[in-house]
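Participant: This is the structure I want to talk about, given as structure tokens.
In the working numbering, the protein residues as written are 464 to 637.
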């Protein structure tokens, strides 16, 4: 069904708002997927914090004009499914990768992250990015490591003295 001018403007405004706040974008060919499969994918996308949209490429290219994703405007051809990660940069990549395993009709075509354009094969790289919680735990482990090593270093002389006294006591007892 064709959209009138005000509907198109609403779609562009909605996409521009989402794109301005999004961390990453994955666009994929979806031809051949059933309505049930797309519905299941939308459900998983909502749970993962991913904005999923099928829209005309001209509307999407207008919506991303003044964002980090303006670089993708020339690559938007054919029917595409757009996934914008809203909370976690790797969420859209994980969603596409997981769904493409079960559905060979879904083929990621392009990935955009940090103002850079990558081919669809980089969806694996995007999917491997840690979540916020994983990144924080990695940072915490890196930050706590020097303190742990310092405590070990400071406690070692006392441990050595204890071992020497224990060994001297055992030799006197024998």
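The C-beta atom is built at its ideal place from N, Cα and C for all residues, glycine as well.
Quick caveat: nothing in here was measured; it's all calculated off a predicted structure.
Could you say if the segment 548-559 and the segment 497-517 meet the contact criterion of at least three C-beta pairs nearer than 8 Å?
Facilitator: Contact holds: three or more Cβ-Cβ distances are below 8 Å.
Participant: Using the three-state DSSP reduction, which class does residue 571 fall into: helix, strand or coil?
Facilitator: The residue you call residue 571 lines up with position 108 of the chain shown. Residue state, collapsed to three classes: strand.
Participant: Assign residue 530 to one of two classes, buried (16 or more other C-beta atoms within 10 Å of its C-beta) or exposed (fewer than that).
Facilitator: Counted from its first residue, the chain shown places residue 530 at position 67. When all chains shown are included, residue 530 counts as buried.
Participant: With respect to the beta strand (DSSP E) encompassing residue 516, which residues constitute its N-terminal and C-terminal limits?
Facilitator: The residue you call residue 516 lines up with position 53 of the chain shown. First-last of the beta strand (DSSP E) with residue 516: 513-517.
Participant: Take residue 553 and list the residues in its own chain whose beta-carbon comes closer than 8 Å to its own, dropping the five residues that flank it on each side.
Facilitator: Position 90 of the chain shown holds residue 553. Cβ within range, chain order: 487, 589, 590, 591, 592, 593 and 594.
Participant: Determine whether the beta carbon atoms of residue 532 and residue 598 lie at a separation below 7 Å.
Facilitator: For the purposes of this step, residue 532 is identified with residue 69 of the chain shown, where counting begins at 1. For the purposes of this step, residue 598 is identified with residue 135 of the chain shown, where counting begins at 1. No, they are not a contact pair.
Participant: Using 10 angstroms around the beta-carbon of residue 494, count the other beta-carbons present and answer buried if the total reaches 16, otherwise exposed.
Facilitator: Mapped onto the chain shown, residue 494 falls at position 31. Exposed, by the Cβ-count rule.
Participant: With three or more beta-carbon pairs closer than 8 Å as the criterion, would you say the segment 511-524 touches the segment 533-553?
Facilitator: The segment 511-524 is in contact with the segment 533-553.
Participant: According to DSSP, is residue 636 part of a helix, a strand, or is it coil?
Facilitator: Locating residue 636 in the chain shown gives position 173, counting from the first residue. Note: residue 636 maps to helix in three-state DSSP.
Participant: Which residue spans inside the segment 513-553 form an unbroken alpha helix (DSSP H) run of at least 4?
Facilitator: Those alpha helix (DSSP H) runs which fall completely within the segment 513-553 and span 4+ residues are 520-526.
Participant: Residues bridged to residue 490 by DSSP?
Facilitator: Mapped onto the chain shown, residue 490 falls at position 27. The partner list for residue 490 (beta bridge, DSSP) reads 545 and 573.
Participant: I need the DSSP call for residue 466, collapsed to helix, strand or coil.
Facilitator: As a working mapping, residue 466 is identified with position 3 in the chain shown. It is coil, neither helix nor strand.
Participant: Can you give me the Cβ contacts of residue 581 inside the same chain, cut-off strictly under 6 Å, excluding the 5 residues immediately before and after it?
Facilitator: Sequence index remark: in the chain shown, residue 581 carries index 118 (1-based). Excluding sequence neighbours, residue 581 sits near 574.
Participant: Just tell me which of 551, 478, 534 and 475 has its CA closest to the CA of residue 512.
Facilitator: The sequence position of residue 512 within the chain shown is 49, counting from 1. For residue 512, the nearest C-alpha among the options comes from 551.
Participant: Using alpha carbons as the reference points, say which of 471, 499 and 491 lies closest to residue 535.
Facilitator: Locating residue 535 in the chain shown gives position 72, counting from the first residue. Taking only the C-alpha atoms, the option nearest residue 535 is 491.
Participant: List, from N- to C-terminal side, the alpha helix (DSSP H) runs of 4 residues or more that fit wholly inside the segment 559-629.
Facilitator: If we require 4 residues or more, the alpha helix (DSSP H) runs fully inside the segment 559-629 come out as 586-590.
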